[in-house]
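Report on the following structure.
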Amino acid sequence: MWKFIIRRTLIMIPQLFILSILIFILAKGMPGDALTGRAANPKADPKQTEAIREKMGLNDPAYVQYVRWMKNALHGDFGISYTQQIPVKDVIGEKISNTVLLSFSILIVTYILAIPLGVISGRWNDTWADRLVTGYNYLGFATPLFIFAIVMLFIFGFYLNLFPTGGSIDPTIDNGTFAYYISKINHLVLPTLSGALISTVGISQYLRSEIIDTKVKDFVRTAKSKGVPESRIYARHILRNSFLPIAAFLGYELTNLISGSVFLESIFSYPGLGQLFIKSIMQRDYSVVTALIMMTSFATLIGTLLSDIILSIVDPRIRIE
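Numbering (the UniProt record's numbering), first residue to last: 1 to 321.
Here it is in C-alpha cells:
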C-alpha cells in the first residue's frame, strides 16, 4: 500500500507540471488582461496604463512570466490579485471554507439518501418501491442542476420564505454565537439539498444495477442453495460486492462537488470558490483564475488516489502494490 501511495505521489509531480503549462497557456490565450477595462476608459492615461502593465510584468515574454509564476507557486505564492490588490491566497482563503463546507454537506446528504434508495430499489426490484425510485432517478437525470436549483430557490426561498435566498450568513449576527451557527446552517440548507437531490440519482441508480447484477451470480446462488438466510446473503455477499464501485467513486465525488459548485454558488449567491471563479474570469483576474484551476487539478489527482486507497480498504482481496 505504501509503495503504491509513494509511486502515485511521484507520478503526480510531472502531471502537475504538464497541467501548469496547459493552464498558463489557456489563461494567456484568453483575450485581454486585467488592465483591458482600464485601457478602454477614455479618462485613463494610456501611458500610465502601460507603465502599470510593465510594472506587473505583463509585457514580459510568456516563458518568463511562466517561470516567474511557477517559481512563486512552488512557494505557495500565486501572486497578487489584479483587481483586489491583495495576495491571491488571501482572496481564495476567504472563500475556500464556504466551498468545502458546502461540498461536504452535499456529499454527506447525497450518500445518506442514495444508499437506502439504491438498496431498496435493487433488493426489491420490479415492485412499486423500485418504480418510485427509478422514476425519481429518471426525472433527476433529465433535470439540469441549474434548473432544479432555481426551482428550489423560488419555492422554498421566495414563495414559502422558509430559507434565505442568498449569502452564507446573516451579517447582523455576531461571529461565534449560537445564532451565528444556526444562521450558517440555515443558509446552507437550500444549496445543499439542491446539489444532493440531483447527485443522488446517479449513485442510487448505479447501486441498484450493481445489486441486481450481483443477485444472480453463482456465489449468491450457491449460498442460497446451502440454506444461508437471505439477510446474511445480502449483508455479507450482495451488498459488500455492490458497494465496491460506490466506495471507489467517493474520491471522484469530492473533486466533482468542489469543481461543480459554480452553478449552485452563482444561483444562491453563496460566497465560495465557484462564484469567485466566475467573477475573476469576468474581471480578467488571471492570477486568481490560474490559482483556482491549479487547486482543482491538484484536488482531482488527490481524489483519484483516494478512490484507489478506499477501494483497497473496502475489499481486502484487492492488493495495490
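All residues carry an ideal CB built from backbone N, CA and C; glycine is no exception.
Keep in mind that this is a model prediction, so the values were computed, not measured.
Query: Only counting the same chain, and skipping five residues up and downstream in sequence, which positions put a Cβ closer than 8 angstroms to that of Arg131?; Result: none
Query: Using CA atoms only, rank isn't needed, just tell me which of Tyr286, Glu230, Met294 and Leu188 is closest to Ser103.; Result: Leu188
Query: In chain order, which alpha helix (DSSP H) runs of at least 4 residues are fully inside the stretch 56-133?; Result: 62-74 and 88-123
Query: What's the call for Phe178, buried or exposed, on a 16-neighbour Cβ count within 10 Å?; Result: exposed
Query: Going by CA-CA distance only, name the one from Arg8, Pro87, Gly167 and Ile309 that's closest to Asp285.; Result: Pro87
Query: When we look at the beta-carbon of Ala149 and count the other beta-carbons within 10 Å, is it buried (16 or more) or exposed?; Result: buried
Query: With distance defined between alpha-carbon atoms, name the residue in Thr214, Asp308, Ile5 and Phe263 nearest to Gly122.; Result: Thr214
Query: Suppose the cutoff is 7 angstroms on Cβ atoms and the five residues either side in sequence are ignored; what does the same chain contact list for Phe146 look like?; Result: Phe263 and Ile267
Query: For Ser97, count neighbouring Cβ atoms within 10 angstroms of its own Cβ and tell me buried if that reaches 16, exposed if not.; Result: exposed
Query: Does Gln205 pass the burial test, meaning 16 or more other C-beta atoms within 10 Å, or should it be called exposed?; Result: buried
Query: Figure out for me which residue from His237, Arg7, Thr290 and Ser168 has the closest Cα to the Cα of Leu26.; Result: Thr290
Query: Three-state secondary structure (DSSP) at Ser194?; Result: helix
Query: Taking its Cβ as the centre, do 16 or more other Cβ atoms sit within 10 Å of Pro116, making it buried, or is it exposed?; Result: exposed
Query: Rounded to the nearest angstrom, what separates Arg221 and Leu19 at their Cα positions?; Result: 48 angstroms
Query: Could you give the C-beta distance for residue 340 and Ser287, rounded to a whole number, given that I count them as a contact under 8 angstroms?; Result: Absent from the structure is residue 340, since the part of the chain shown begins at 1 and ends at 321.
Query: Decide if Leu193 is buried, meaning its Cβ has at least 16 other Cβ atoms within 10 Å, or exposed.; Result: buried
Query: Are the stretch 272-285 and the stretch 65-85 touching, with three or more C-beta to C-beta distances below 8 angstroms?; Result: yes
Query: Quick one, which of Leu101, Glu230, Lys224 and Ser242 has its alpha-carbon nearest Gly195's?; Result: Leu101
Query: Report yes if the CB atom of Pro191 is closer than 8 angstroms to the CB atom of Tyr136, and no otherwise.; Result: no
Query: May I ask which residues mark the beginning and end of the alpha helix (DSSP H) holding Leu276?; Result: Leu273 to Met282
Query: When you compare only the Cα positions, how much space is there between Ala142 and Asp218?; Result: 35 angstroms
Query: Do the CB positions of Gly274 and Thr99 come within less than 8 angstroms of each other?; Result: yes
Query: Pull up the CB-CB distance for Val133 and Leu239, whole angstroms please, since I reckon it's below 8 angstroms.; Result: 16 angstroms between Cβ atoms; not a contact.
Query: Quick check on the DSSP output: the alpha helix (DSSP H) that includes Phe263 runs from which residue to which?; Result: Ser261 to Ile267
Query: Over what stretch of residues does the alpha helix (DSSP H) that includes Ala235 continue unbroken?; Result: Note, Ala235: premise wrong, no alpha helix (DSSP H); not H, not E.
Query: Assign Tyr159 to buried or exposed, taking buried as 16 or more other Cβ atoms, counted over all protein chains shown, within 10 Å of its Cβ.; Result: exposed
Query: Sorted by chain position, which residues of the same chain lie with C-beta nearer than 6 angstroms to Thr110's C-beta, five sequence neighbours on each side aside?; Result: Ala196, Ser199 and Thr200
Query: From Ile75 to Pro144, what does the alpha carbon distance come to, in whole angstroms?; Result: Looking at the sequence itself, residue 75 is His, so the reference to Ile does not match. Rounded to whole angstroms, His75 to Pro144 spans 40 angstroms at the Cα level.
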